[in-house]
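**Q** Here you go, one structure.
There are 2 protein chains.
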Amino acid sequence: MNAPSRRKFRREGEERRRQDLIDATLDSVAEHGLERATVRTIALRAGVTAGLIRHYFPGKEDLLREAYAALMGRMTEQAKAALLMEDASPRRRLAAFITANLNAPIIDQRVFSLWATFIGRAGADPTLARAHREGYLGFRNEVEAVVAEVLAAERRKPDASELRHHAIAINAIIDGLWIEGCLAGEMFSPGELAAIGIKAIEAELGLAPE
Amino acid sequence: MNAPSRRKFRREGEERRRQDLIDATLDSVAEHGLERATVRTIALRAGVTAGLIRHYFPGKEDLLREAYAALMGRMTEQAKAALLMEDASPRRRLAAFITANLNAPIIDQRVFSLWATFIGRAGADPTLARAHREGYLGFRNEVEAVVAEVLAAERRKPDASELRHHAIAINAIIDGLWIEGCLAGEMFSPGELAAIGIKAIEAELGLAPE
DNA sequence: GGCGTTGTTGTGCAAGTGTATAAATAGTCT
DNA sequence: AGACTATTTATACACTTGCACAACAACGCC
C-alpha cells in the first residue's frame, strides 16, 4: 500500500547550498543563541535534513567559523562602501562614512547579537581573536586614511602618533554609538546618533563647525 | 570489604554556596562559552556535584540570569566608585572616572567575553535586554551628572538636550575604548587609552587643554 | 552521646547532541 | 529510455544534557 514515502528534494548548486546553510546558521544563532543553534535547527531552517550539513562542511565547528567569516565580510564591506564617493570633499566623505555606520543596515539588533555572540568566544578561540583583530585594524586604517585627508585639506600636518590617536578615538566613538543604537535604537530619533557622532568626531579633530 | 565510599563534603553557608556557584558559572562561561557551561562543568568547578545546583536555583536558566546580574553589578559598582572623590574639582573627578574605566580591572578580556556572551542573547531574551538597558541608563545618568558639574564650573549653561548629547557621546567614547582595550590590550601602552579618552572627551565638551 | 534537619551526593532517565553510514533519488549524459 | 553519479534523505549510535528523586551524612540541638 503506502510506499516508503520519502521526502521530495531538489539538488541545488553547491555554492547556493553552502550559502543557504551559512545564512540559516546566522539566523539560528541570532534568534536562539549559540547553544540552541544545533545542526537540526539549522538544517530545518535551510529546508534540508541534518545529514546534509556534513556533506558540505567537515563538522559543525567549521560551519560556525565560515558563518562568522561571512558575517564579518558583509559588515566591513558595507562600512567601507560609504567611503567610495570619489568626488566629494574629505570632510564630506568622513561625514558620510559616519552617517553610514550609524544608520540601518549597520545599526541592526540582529547583526549586533551575532557580533556579540561570536566575539564573546574570542577569549577561548584564538582563530576568532585573530580574525577580529584583522578586521579591526583594517577598519582603523581606513579611518586613519580619511582623517589624514581631512587634516591635509585643512593645511594641518599631524605626525604619525597624532594620527593614530585620532583614529583610535574616532573608531571608539563609532563603535560606542553603534552599540548604543543597536541595543536601544528606539531611544534615539532618526539621524540623532549620526549627528552626535559627527559632532563628536569633528570636535576630536578640532574642526570648526561649518 | 570496600565500603560504599561516598564522597566527603562540608556544609557551607547558603550565601557562600550561592556565590561559589555563581562564580563557577562565570568562570565556565568565560572559559568555554555558554554552550559548554553545563551544570556538570559548573558544579565540578565549584567543587560540588551537579545535583546541588537545583537545591539553590530553580533551574540552570535562573543560575545564568543571576550570574549575569552579579557580573553587571560588580562592573558598575567599580566604575562608579571612581566618582566618589568628594573633594576634587569636577574636571579632575571626570578624568579620574575615565581613567578608572580604561584600566584594569575594568579593561579585562575575561569580563569582556562574559559581557559579550550574555549581551548577545539580549535580542532573544527580553529579561536580559531590560537588565542591560537599566544598567546603561544608570551609567549614562552618572556621566550626565558629572558633565553638568564640569560645565557649571566653567560657567556654562547647557540645556537638557545638549547635556544628553554630551552624555551619549562620552558614553560611546568610553565604551568604544573599553572594547578596543579588552580585545587588543597589548596594542596600547599603559595609560594610553585613558589619555586618548580624556583628550577626546575634553574635546567633546569644548574644554581648553589645561 | 543520640537525634532530627537538611545540605549534599549518587544514580537514573528521557530528550537532544554531533557524527557515521547506508539507502534512495534527482539530474545528466549517451 | 536507461545507466551513472553525487546530492540528499533517513536511520542508527554513542554520548551529553538538564532535571528528578532517594539515600546519605554533616552539623546543631537536646
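Top line first, the protein sequences correspond to chains S and X.
Residues 538 to 747 (the working numbering) are what the first sequence spells out, left to right.
Residues 538 to 747 (the working numbering) are what the second sequence spells out, left to right.
Heads up, the beta-carbon is just placed ideally off N, CA and C, and yes, glycines get one too.
Determine contact between the segment 688–697 of chain X and the segment 636–653 of chain X, defined as no fewer than three beta-carbon pairs at a distance below 8 Å.
**A** Too few Cβ pairs lie closer than 8 Å, so no.
**Q** So that I know if they touch, is there some Cβ in chain X lying closer than 8 Å to that of THR654/S?
**A** With 8 Å as the cut-off, THR654/S counts as an interface residue toward chain X.
**Q** Flag GLY657/S as yes if its beta-carbon sits less than 8 Å from any beta-carbon of chain X, otherwise no.
**A** Chain X, which has a Cβ nearer than 8 Å to the Cβ of GLY657/S, makes this yes.
**Q** Going by the CB atoms, is the gap between ALA661/S and GLY588/X shorter than 8 Å?
**A** No, the pair does not count as a contact, with Cβ atoms beyond the cut-off.
**Q** With a cut-off of 8 Å, does the C-beta of LEU714/X fall near any C-beta of chain S?
**A** It does; some Cβ of chain S falls within 8 Å.
**Q** Would you mind working out which of ARG628/S, THR586/S, GLU552/S and GLU568/S sits nearest ARG544/S, comparing C-alpha positions?
**A** Residue THR586/S is the option with its Cα nearest to ARG544/S.
**Q** In the DSSP assignment, find the alpha helix (DSSP H) that holds ASN638/X and state where it starts and stops.
**A** Segment 627–638, the alpha helix (DSSP H) holding ASN638/X.
**Q** Could you tell me whether any Cβ in chain S is nearer than 8 Å to the Cβ of LEU720/X?
**A** Taking Cβ atoms only, chain S reaches closer than 8 Å to LEU720/X, which makes this a yes.
**Q** Please list, in chain order, all residues of the same chain as MET538/S whose beta carbon is under 7 Å from its beta carbon, the five residues on each side excluded.
**A** The predicted model places MET538/S with a pLDDT of 48, which falls under 50 and marks its position as unreliable, so this point remains unresolved.
**Q** Between ALA732/S, ILE716/S, ALA574/S and ALA709/S, which has its C-alpha nearest ILE738/X's C-alpha?
**A** Minimum Cα distance to ILE738/X is reached at ALA709/S.
**Q** By DSSP, does MET538/X sit in helix, in strand, or in coil?
**A** With a pLDDT of 49 at MET538/X, under the threshold of 50, the modelled position of this residue cannot be trusted, and the question is left open.
**Q** Please tell me whether THR613/S and PHE676/S are closer than 8 Å, where the distance is taken between their beta carbons.
**A** Yes; because the gap between Cβ atoms is below 8 Å, this pair is in contact.
**Q** Compute the distance between the beta-carbons of GLY550/S and LEU639/S, then report whether it is under 8 Å.
**A** Against a cut-off of 8 Å, the Cβ pair of LEU639/S and GLY550/S comes out as no contact.
**Q** The alpha helix (DSSP H) spanning PRO595/X covers which residue range?
**A** Element bounds for PRO595/X: n/a, residue is neither H nor E.
**Q** Are GLU741/S and ALA706/S close, meaning C-beta to C-beta below 8 Å?
**A** Yes; because the gap between Cβ atoms is below 8 Å, this pair is in contact.
**Q** Please confirm whether LEU631/X and GLU679/X have their CB atoms less than 8 Å apart.
**A** Going by C-beta atoms, LEU631/X is not nearer than 8 Å to GLU679/X.
**Q** Out of ILE735/S, GLY734/S, ALA682/S and VAL576/S, which has the shortest C-alpha to C-alpha gap to LEU601/S?
**A** Looking at the Cα atoms, VAL576/S is the closest of the given residues.
**Q** How many Å lie between TYR673/S and GLY734/S at the Cα?
**A** The straight-line gap from Cα to Cα measures roughly 19 Å.
**Q** Tell me which residue opens and which closes the alpha helix (DSSP H) that GLU739/S is part of.
**A** GLU739/S -> alpha helix (DSSP H) spans 729–742.
**Q** Would you say ILE733/S reaches chain X, if we count a Cβ-Cβ gap shorter than 8 Å as a contact?
**A** Taking Cβ atoms only, chain X reaches closer than 8 Å to ILE733/S, which makes this a yes.
**Q** Write down the C-beta distance between LEU563/S and ALA616/S rounded to the nearest angstrom, noting that I regard them as a contact closer than 8 Å.
**A** The pair is not a contact, with the Cβ atoms about 18 Å apart (cut-off 8 Å).
**Q** Can you tell me the Cα-Cα spacing of ARG555/S and GLY722/S, whole angstroms?
**A** Rounded to the nearest angstrom, the two C-alpha atoms are 32 Å apart.
**Q** Report all residues from its chain with a CB closer than 8 Å to the CB of ALA689/X; omit the five preceding and five following residues, and keep chain order.
**A** Contacts found: PRO627.
**Q** Less than 6 Å between C-beta atoms, sequence neighbours within five positions excluded: which residues of the same chain meet that for ILE711/S?
**A** ASN638.
**Q** Report the three-state DSSP secondary structure of ARG670/X (helix, strand or coil).
**A** In this structure, ARG670/X counts as helix in the three-state DSSP scheme.
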